[in-house]
Structures are given as C-alpha cells and as structure tokens.
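**Student:**
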Amino acid sequence: MSLILGFDAGGTFTDSVVFNTETKKIISSGKALTTNFDLSQGIKKSLNVTLKDLPIRDKKNIKQIIVSSTLATNSLINSNGCRVGLILIGFDKSIFENQPLVDACNNGNMCLIKGGHDAEGNEKEKLDFKSIKKFVEVNKSKFESIAIASQFSTRNPDHENRTKEFLINKNKIKLPITCSHELSYELNGPKRAITCALNASLTHIISDLLNNIELILKEKKITAKIMVVKGDGSLIDSMTAKYRPIDTTMSGPAASCIGAAWLTGKKDAIIVDIGGTSTDISLLNSGYPEVSKQGARIGVWDTMVEAISISTQGLGGDSEIIFEETNSNLDINLGPKRVVPLSIISERFPSVLSILKKQSKFPFYSHTDCIFVWKKNISKNLNWLSKIEKITFEKLHINEISSLSEIAPNQASYGAVYRLIKYNLVEISSFTPTDAVHVLGIYNDFNTKAANLGALIISKRKNKSGEFIFNSKEQFAKTVLSKLFEQSAISIFNFVTKKIFNNSENNFLNDNLFCKYVFDQKEKLAKINLKLNIPIISIGASAASYYPKIASLLNTKNITPENFQVAGAVGAAIGSIKQTVKILITKDQNEKYRVHFPSKVKTYNKLEKAINDAKFEGNYLSKNKCILNGATKTRTKTEIQKKEIDLKNNKKIFLEYNVISTTTGEIN
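Heads up, the sequence shown is in my numbering, so the first residue is 1 and it goes up one at a time.
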C-alpha cells in the first residue's frame with residue numbers, strides 16, 4: 001500500500017489528509033487553527049488528528065508529503081512580506097515612478113545600476129559592480145532579501161547571474177537572492193521586476209513553513225520526500241519552493257480547485273474556496289481547471305506567475321470590517337485585510353473577555369473599541385523603525401494582548417500601530433464575519449461570548465446625526481453577513497462576465513447604486529435578477545455557513561461536497577509533477593538566428609538547426625528538472641509558437657519563435 005500525506009496550510013486553518021494512491025480514497029483527515037505566531041503548533045495539531053487512528057505500519061507506507069499553502073498569497077494580499085533590496089540593471093530612471101514596484105519592496109530599498117542588454121541580447125552597457133557593492137554595504141540593514149532584475153534578462157541573463165555571483169562570492173551575502181530571469185521567460189521588464197521583488201519578499205515565509213513541517217515529520221519518524229503545489233497545480237520539490245516561493249502563490253487555490261473537482265466529479269462549475277483571508281474563484285471547464293495566459297493576479301498585484309486562472313479577492317470569514325460614514329448613513333465594507341476574530345483570539349488570550357465586558361458598559365462606542373493588538377515573536381534588528389514606532393512597539397508584549405485604546409491613545413501612536421501591522425511585526429484582532437455567525441448561532445466552534453460582546457459594543461455606534469444605526473447586536477451581525485453575501489456574489493458574477501466578454505480589466509458590476517438595487521429585496525416596482533447557468537462548488541471551512549445564501553443570490557445551485565473542509569489537502573495529495581522550459585529564437589540585423597538558451601545566447605545561420613538545438617536543450621532541461629523534483633515515467637512534448645507576418649503567395653516573414661518543452665511525470 002502506498003500512501004500520500006497532503007497538507008494545506010491556510011491563514012486560518014491547517015488541514016491534512018492521508019490518501020491511498022491505490023484505492024483513491026481518503027483514509028483520514030485533520031483540521032487545526034493555523035498558529036501564525038508559531039506555525040509548528042497548528043501543523044502538529046492537524047497532523048496529530050490525522051495520524052491518530054492510523055496504524056503504525058501504515059505510517060511507514062507514507063511515501064510522499066505534498067504541501068499546498070495560501071500563506072504566500074495571504075502575505076501579498078496583506079502586504080506583510082519581508083523587506084527587499086531591489087537591484088535594477090539597465091532600466092530608465094522613470095522606473096522609480098512605478099508605485100507597484102516600490103510597494104513590492106515592502107519598505108526596503110531600490111537602486112538603479114548601469115548595465116543591461118538590448119532586445120537581441122547584446123550588452124548595452126558594462127555592469128557597474130562598484131555601485132552594486134556600495135548599495136549593499138550602505139543599505140544591508142534595511143532589507144532581509146535581495147532581488148535582481150536586469151533589462152532584457154530573458155534575452156540574456158548574464159548581468160543578473162554575474163550580480164548574484166558577485167554578491168555571494170565577493171560580498172559574502174548570506175541573504176536569499178532572486179534573479180528575475182529564473183522566474184519568467186516573458187518580456188515586460190517592470191512586471192518581471194515586480195514579480196522578482198515579490199518573490200524575494202516571500203522567501204522567509206515559505207522557508208519557515210517548510211522547515212517547521214520537516215522538523216515535525218522528523219519527530220514523527222516520517223522520512224518521505226516533501227513536494228509543494230505550484231499555482232498551476234503541478235508539483236515542485238521543497239528546496240525549489242524555498243528559493244522560488246512566488247510559484248507557491250495560488251498553490252492553495254490551485255490545490256482546492258483540483259480537490260473540489262475530484263470530490264464532486266463535476267465537469268463544469270464555478271469553484272469557490274472561502275477561507276479566513278480570501279475567496280478564490282476559478283472555472284472548471286470540461287473537467288479541467290482553466291489556466292491563466294497572462295499570469296496570476298493576486299490582490300492588487302499583476303504577476304508573471306504561471307497559475308490556474310483564479311480571481312483572488314481579499315474577502316473571507318476573517319475579513320476586517322471597514323466603516324464608511326456618509327452624511328446620514330454608515331456603510332460597511334469587508335476586506336481586503338485579514339484580522340483575527342474575537343471569538344478565536346479570546347481562546348488564546350482569556351483577558352480579551354474582561355476587556356470586552358468593560359467596554360460593553362461604556363454608554364457610547366469609540367473607534368478603538370473591540371480592537372486588540374499584540375507583538376509577534378520577532379528576533380530581527382528593528383533599528384530602522386521610527387521613534388514613535390519603536391515607542392509603540394515596546395509597549396506591546398508577545399504573550400500578552402492589549403486593547404488598541406490602551407496602546408494608541410493619540411493619532412500618532414494610532415498610525416504607528418497600523419504601520420507595525422503592515423511591517424508584519426504586530427497582529428490585530430477585531431470583529432469579523434466569523435464572529436457574526438457565532439452571534440446568530442450559525443456556527444459555534446469558538447468563543448460565542450466574545451463575539452456577542454463585540455457585536456453589542458459596535459451596535460452602539462451612531463451616525464453623524466447622533467442616531468443609533470443598529471437596533472441590536474443581532475441586526476449588526478446580520479448586516480455584516482449580508483455584506484459578505486453581496487460582495488461574494490458580485491465577485492463571482494464579475495469573474496464570470498470577464499470570461500464571457502474576454503475582458504480582464506473591467507467589472508460588470510461596479511456601480512454601487514446598481515448593486516444595491518440588485519440585492520434590495522424590498523423594491524416593489526421592478527426587479528433585476530442575476531443568474532449563473534452552472535453550479536457553484538463551495539469549499540473551505542465556512543462554505544456551508546455562507547454559500548447556500550450566496551448561490552441563491554445568483555439563482556444557481558450550491559454544491560458543498562463531503563470533505564469540503566479539507567479539499568485543498570485532497571488536491572495537494574493527488575497532484576502531479578510538471579516542468580516547462582521556453583527557449584526563444586529571434587533574428588538579428590544580419591539575418592542570422594539567435595537562440596536565447598537559459599544560460600547563453602548562440603547564433604545560427606539556419607533556422608532548422610536553431611529549432612533542433614532549442615528542442616534538444618529544452619527537452620533535456622525540462623526532463624531533468626522533473627526528475628530532480630522526484631518524477632518517474634516522464635513524458636515530454638514540444639510545441640513551437642510562431643510569430644510571423646503572412647504575405648501573398650504563401651510566404652511569411654519571420655518575427656520570432658518560442659520553443660516550449662513540457663515534461664510531466666508521476667510522483668516517485
């Protein structure tokens with residue numbers, strides 16, 4: 001008997017399953033809260049539940065560990081990765097005006113270095129090593145990882161490779177280093193630089209997760225190889241995932257999509273995975289998840305990550321509630337940030353209940369009520385913090401929670417707290433949709449008292465006219481859930497209409513007044529109905545609580561399958577290994593063909609010879625990568641994508657060819 005242990009580490013829950021590869025059945029499963037302050041605790045609890053009833057002899061039959069995770073995705077949505085030092089080579093100075101690129105560095109530093117290549121892969125300017133050395137020496141305390149992006153490095157990666165070698169060999173840099181050409185074969189230098197910086201910001205997060213899993217498996221005397229799910233649903237080994245964590249963004253959604261398809265046997269459906277931080281929406285078409293051609297969009301980030309076509313919204317059971325005041329009303333919006341629900345945090349910190357009881361006796365509501373903060377277990381140098389940030393941070397404790405009103409009595413310290421949260425140094429808890437379902441008795445796995453006290457306090461909120469907005473804590477909880485239902489339905493409908501109109505930019509439902517009218521059940525004069533023609537498969541821990549109502553708003557059927565809570569772990573367990581290598585062929589001014597191999601550029605007189613060599617090298621590299629990732633029974637196919645201009649008399653003008661070698665294999 002051959003068994004696979006599948007893990008799915010999310011922002012709220014960590015799931016695990018044991019899957020029998022011969023019978024294709026789930027033998028056991030487990031679920032535990034993800035413990036962000038110490039990932040090992042949640043992993044251990046989930047694994048203990050899964051292995052509890054498994055005989056010792058069966059544990060020896062575990063041949064593979066497969067991990068999927070939303071931690072990288074959640075980190076990008078919440079903008080709380082590590083600080084990045086970004087070295088840009090050969091770009092124009094205007095690149096500093098690219099705000100998404102600045103944001104991707106996560107409060108790190110950027111520098112522009114002379115060098116780079118042209119579109120044909122020729123060196124444009126000599127690489128400026130002195131400036132690289134100066135940048136690193138002056139700023140090394142300001143970042144925790146390094147990203148290198150050179151102009152046209154996909155046509156010639158020489159300057160990126162030499163910069164990396166220089167940093168490691170000459171400057172003795174021990175930090176993780178990412179080169180942009182290692183992540184994507186595509187042009188669009190700024191977008192590739194953003195992807196590179198995001199990858200660098202994630203290195204510690206995924207390494208911590210995998211290191212924790214390795215240690216726990218060692219304790220359990222499970223010695224199987226660890227594989228990680230990529231965003232396209234295929235697998236890579238854990239070492240590759242540690243230096244290419246960007247590939248694991250969307251790995252959780254990809255595994256969930258594959259798991260949902262397997263659990264239901266459906267061929268056509270909208271798959272929705274609702275977690276604590278996000279809602280992931282994907283399309284199952286003729287039994288297969290649709291793959292994105294443009295690269296994954298994760299929150300506000302457009303990346304070059306190859307992934308299943310998924311729309312990820314910062315909307316989940318643990319979404320932050322945003323109150324927006326108008327002249328006479330108070331509107332509620334959810335997300336995109338995640339906070340820890342009151343019902344969950346009060347189980348870790350019982351003092352939350354006494355603080356909430358005290359706040360519930362106040363005659364009025366303050367905007368700092370029902371919000372709690374605590375320090376994360378951080379050992380890194382924090383000299384870069386501002387004075388007010390240091391003072392505020394020192395007020396906090398690792399194993400003790402504080403109310404926001406106590407830590408931030410004025411506007412300056414209030415702003416400092418939220419910056420510390422963005423720096424991933426402080427965690428925050430407040431009322432969420434998870435608390436709302438506890439108030440209404442729909443869900444009761446955690447502390448209902450804390451949820452009720454939170455709802456009671458916030459229900460005392462008044463509008464600008466001094467009138468109470470909510471009649472009761474139950475009305476407030478219902479308002480929160482109604483907003484979750486509406487925002488979810490809008491997100492799903494927009495995802496579907498973008499597929500229909502082949503439009504990745506504009507949302508069909510983007511007018512607040514129109515959306516309000518669509519979901520207004522009391523309007524008598526007219527009614528607009530939204531309708532999906534295929535069912536929704538809803539998965540994730542809270543799917544059964546939310547999606548029957550959301551599906552009804554879209555006039556379609558909701559399917560919540562057996563084992564829906566651990567669909568991601570199931571999808572991880574049934575994954576396969578795939579590696580793709582793309583080699584570009586261009587033509588220079590001398591009518592010679594240039595083959596842009598991953599490590600060099602070579603010139604050919606004959607196109608046929610150029611194609612054959614590109615095929616040979618691509619097939620060898622993709623197969624070798626698959627085998628290194630633990631694959632057996634490999635199969636390689638080659639595709640040539642041709643860009644040509646058609647002329648009369650069946651003649652064509654060559655522009656460029658892409659030789660794409662893809663190798664797939666079974667898990668060893």
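By construction, the Cβ of each residue, glycine as well, lies at the ideal position given by its N, Cα and C atoms. Here the structure is a predicted model, which means the values were calculated and not measured.
1) For Ile391, which beta-bridge partners are listed by DSSP?
2) With the cut-off set at 7 Å, would you say Val352 and Ile407 are in Cβ contact?
3) Output the residue ranges of the beta strand (DSSP E) runs that lie fully inside the region 524-566 and measure 3 residues or longer, sorted by chain position.
4) Grab the span of the alpha helix (DSSP H) containing Gln475 for me, first residue to last.
5) Looking only at C-alpha atoms, which of Phe616, Ser79, Thr392 and Lys375 sits nearest to Asn399?
6) Measuring CA to CA, which of Asn211, Ile194 and His596 is closest to Lys44?
7) With a cut-off of 7 Å, does the C-beta of Gly30 fall near any C-beta of chain C?
8) Please name the residue, chosen from Gln359, Asp232 and Asp280, that lies closest to Ser292 on a Cα-to-Cα basis.
9) With Arg162 as the anchor, note down where its alpha helix (DSSP H) starts and where it stops.
10) Can you give me the Cβ contacts of Thr663 inside the same chain, cut-off strictly under 6 Å, excluding the 5 residues immediately before and after it?
11) Within its chain, find whatever has a CB closer than 7 Å to the CB of Phe37; leave out the 5 residues flanking it on each side and keep chain order.
12) Using the DSSP secondary-structure output, state which residues sit across from Pro289 in a beta bridge.
13) Quick test of your reading: Leu3 and Asn61, contact by CB under 8 Å. State the CB separation rounded to the nearest angstrom.
14) Please list, in chain order, all residues of the same chain as Lys599 whose beta carbon is under 6 Å from its beta carbon, the five residues on each side excluded.
15) Which whole-angstrom value is the C-beta distance of Ile705 and Ala104, which I expect to be below 8 Å?
16) For Leu215, which of helix, strand or coil comes out of DSSP?
17) When the Cα atoms are used, what is the spatial distance from Leu456 to Pro433?
18) With DSSP as the reference, identify every bridge partner of Ile322, one or two as the case may be.
19) Rounding to the nearest angstrom, what Cα-Cα distance links Val439 and Gly295 in this structure?
20) Quick check on the DSSP output: what are the complete alpha helix (DSSP H) runs of length 4 or more inside the region 250-275, in order along the chain?
21) If you reduce the DSSP assignment to three classes, tell me which class Leu655 lands in.
22) In chain order, what residues of the same chain lie with their CB nearer than 6 Å to the CB of Ile271, ignoring the 5 residues before and after it?
23) Quick one: Cα of Ser180 to Cα of Ala149, how far?
24) State the CB to CB distance for the pair Val570 and Val17, rounded to an integer number of angstroms; the pair is presumed to be in contact (CB under 8 Å).
25) Confirm, please, whether the CB-CB distance from Ala489 to Leu553 is below 7 Å.
26) My output table needs one value for Val300: the three-state DSSP class, helix, strand or coil.
27) Quick check: what's the CA-CA separation for Asp302 versus Ile77?
28) Would Ala200 pass as a contact of Val305 if the rule is Cβ separation under 7 Å?
29) How would you call Pro55, buried or exposed, if buried means at least 16 neighbouring beta carbons within 10 angstroms?
30) Does DSSP put Pro350 in a helix, a strand or coil?
31) Is the beta carbon of Thr277 less than 7 Å from the beta carbon of Gly11?
32) May I have the straight-line CA-CA distance separating Phe446 from Glu219, to the nearest angstrom?
33) Where does Lys45 sit, in a helix, a strand or coil, going by DSSP?
34) Could you give the DSSP three-state label for His181: helix, strand or coil?
35) DSSP puts Thr227 in a beta bridge; with which residues?
36) With contact counted as at least three CB pairs below 8 Å, one residue from each stretch, are the region 222-237 and the region 492-504 in contact?
**Tutor:** Here's the rundown:
1) Beta-bridge pairing links Ile391 to no other residue.
2) No, they are not a contact pair.
3) 536-539
4) Lys473 to Phe501
5) Lys375
6) Asn211
7) Note that chain C does not occur in the displayed structure, where there is just one protein chain.
8) Asp232
9) Its alpha helix (DSSP H) spans residues Asp158 to Asn169.
10) Closer than 6 Å at Cβ, skipping near neighbours: Gln579, Ser622, Lys623, Cys626, Thr634 and Thr636.
11) Lys376 and Asn377
12) Leu284
13) 5 Å
14) For the sequence presented, residue 599 should be read as Ser rather than Lys. Nothing meets the Cβ criterion.
15) The first residue shown for the chain is 1 and the last is 668, placing residue 705 beyond what the model contains.
16) helix
17) 15 Å
18) Asn333
19) 40 Å
20) 251-264
21) strand
22) Non-local beta-carbon contacts of Ile271 in its own chain, meaning distances under 6 Å to residues more than five positions away in sequence, involve Cys257, Ala260, Ser282, Leu284 and Ile537 in chain order.
23) 5 Å
24) 6 Å
25) Cβ distance < 7 Å, so Leu553 and Ala489 count as in contact.
26) coil
27) 12 Å
28) no
29) Pro55 comes out exposed.
30) coil
31) In contact: Thr277 and Gly11 (Cβ atoms closer than 7 Å).
32) 30 Å
33) Helix at Lys45.
34) helix
35) Sequence inspection shows Met at residue 227; the Thr mentioned does not correspond to that position. Per DSSP, Ile66 and Asp237.
36) no
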